[in-house]
Amino acid sequence: MKNIKLLIGIFLVLTAFTFTSCENEPIDSAIDLGNPTNPGGGGNPGGGGTSTGDYWPTALNNQWVFKQDGVVQPPMKMVSINSIGSFTYYTFDQLFGTGSSGVSAGVVARLRKNSGDYYLKIEDFTFDTGLGITGLLTGYEMLILKDYLNVNQTWSGSFSQTATFTGLPSTTQATNYSGVILEKDASVTVNGINYTNVIKMKLTQSVTVMGTATSNVVTEYWFSKDIGPIKAVTISTDDTGTETITNELQSHIVN
C-alpha cells in the first residue's frame, strides 16, 4: 500500500512532468474564432467573473520557454485549438518542464478561459515508473486562476481520479484544492526582466488515497498581464520528504 500511495502522490505535481499533446488538427472545425461567445460544441459556458485583463494569452503558436531549477526547458507551446463538449481548449505540447521524479508520462494538457476564470484540463494518461510498473491515471480539470479577485480572496474545488497499475490493485485518490490571491498589480523581476501588472497567487492541493492523506503540494504562481505565467515555485511534501521545483520564464512569443 505504501508504494501505491507514493506512486499516486507523484502525479499531483503538475510542473514535474513533460506534458505531450496528442496529434490534433490545429483548429477544430466546430470552433468559430471570430465569435468569442461561441466556444465550439454548441454553448456559452457563462459563469466566469468579469476579467481584469488577459493573464494567459491564448492563440495558436503562443509559447513560453522556462528555466526549471536553472536548466532551460523546451518551449511550452499552444499547438492546437480543440472543441470539447461546449468549451474551447488550447492544447499545449508540454506544460512547464520535466522534474526529477523519474516517472515518464505522456499527458495531454489544455487551457480554457471563461472571462476571468482559467481552467487547466489534464486528460487520462499512461505512465512508466521505470521500476517495472506501468499504469493509467484518469484525468481532471482544475480552476487555477480567477484574475478578478482581490488580494486575500479565495476559491476552492475538488476532483477524484482512479489509478490502475500493472500487477497491482486499482486505487482511487481525491484531491481538494484552494487558491488565494496574494498580490495584484505587482512588479516582479524574473531572469533580469521586469514584469508589471503581475498577479501572484498560491494554489494548495491535498491528496487523499483510499481515505488516507498522502501528500501536500503548494505552488505559488506569478502571472503577468498580456504575457502569461512568468514564474512558478512548487513545494511537494509526502512521507518520503519534500521537493521544490522552480520554473522561471526565459522567453516568450505571444500572438
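The numbers in the working numbering rise by one with no breaks, and the one at position 30 of the sequence shown is 931. Even for Gly, the Cβ is constructed at its ideal location relative to N, Cα and C. Small disclaimer: the values here were computed from a predicted structure and weren't measured.
N-terminal and C-terminal residue of the beta strand (DSSP E) that residue i is part of
| i | result |
| --- | --- |
| residue 1151 | 1142 to 1154 |
| residue 1130 | 1129 to 1139 |
| residue 1086 | 1072 to 1091 |
| residue 953 | Segment: none, residue 953 is in no beta strand (DSSP E) and carries neither H nor E. |
| residue 968 | 964 to 969 |
| residue 1058 | 1055 to 1066 |
| residue 1096 | 1094 to 1110 |
| residue 984 | 977 to 985 |
| residue 1122 | 1113 to 1125 |
| residue 959 | Run containing residue 959: none; DSSP gives neither H nor E here. |
| residue 991 | 988 to 993 |
Buried versus exposed, by CB contacts within 10 Å (16 or more), residue i
| i | result |
| --- | --- |
| residue 995 | buried |
| residue 973 | exposed |
| residue 1076 | buried |
| residue 1048 | buried |
| residue 1154 | exposed |
| residue 1135 | buried |
| residue 1129 | buried |
| residue 1063 | exposed |
| residue 1068 | exposed |
Alpha carbon of residue i to alpha carbon of residue j, nearest angstrom
| i | j | result |
| --- | --- | --- |
| residue 978 | residue 1032 | 31 Å |
| residue 1058 | residue 1050 | 16 Å |
| residue 990 | residue 1091 | 28 Å |
| residue 1140 | residue 1117 | 10 Å |
| residue 951 | residue 1018 | 9 Å |
| residue 1055 | residue 1071 | 34 Å |
| residue 1113 | residue 1133 | 28 Å |
| residue 1103 | residue 1137 | 13 Å |
| residue 1022 | residue 1089 | 28 Å |
| residue 1098 | residue 1152 | 18 Å |
| residue 923 | residue 958 | Confidence at residue 923 is low in this model, with a pLDDT of 40, below 50, so its placement is unreliable and the value that follows should be read with caution. Rounded to whole angstroms, residue 923 to residue 958 spans 21 Å at the Cα level. |
| residue 1082 | residue 1107 | 18 Å |
Contact belief for residue i with residue j at Cβ below 8 Å, rounded distance in angstroms
| i | j | result |
| --- | --- | --- |
| residue 970 | residue 1115 | Not quite, the Cβ-Cβ distance comes to about 24 Å (not below 8 Å), so this is no contact. |
| residue 845 | residue 1010 | Any question about residue 845 goes unanswered here, given that the chain covers just 902 to 1156. |
Near the ligand PLP: residue i beta-carbon under 7 Å from a heavy atom
| i | result |
| --- | --- |
| residue 1094 | Of ligands this structure carries none, so the ligand PLP is not represented either. |
Entirely enclosed beta strand (DSSP E) segments - the stretch 1011 to 1047, minimum 3 residues: 1018 to 1023, 1026 to 1029, 1035 to 1038, 1041 to 1047
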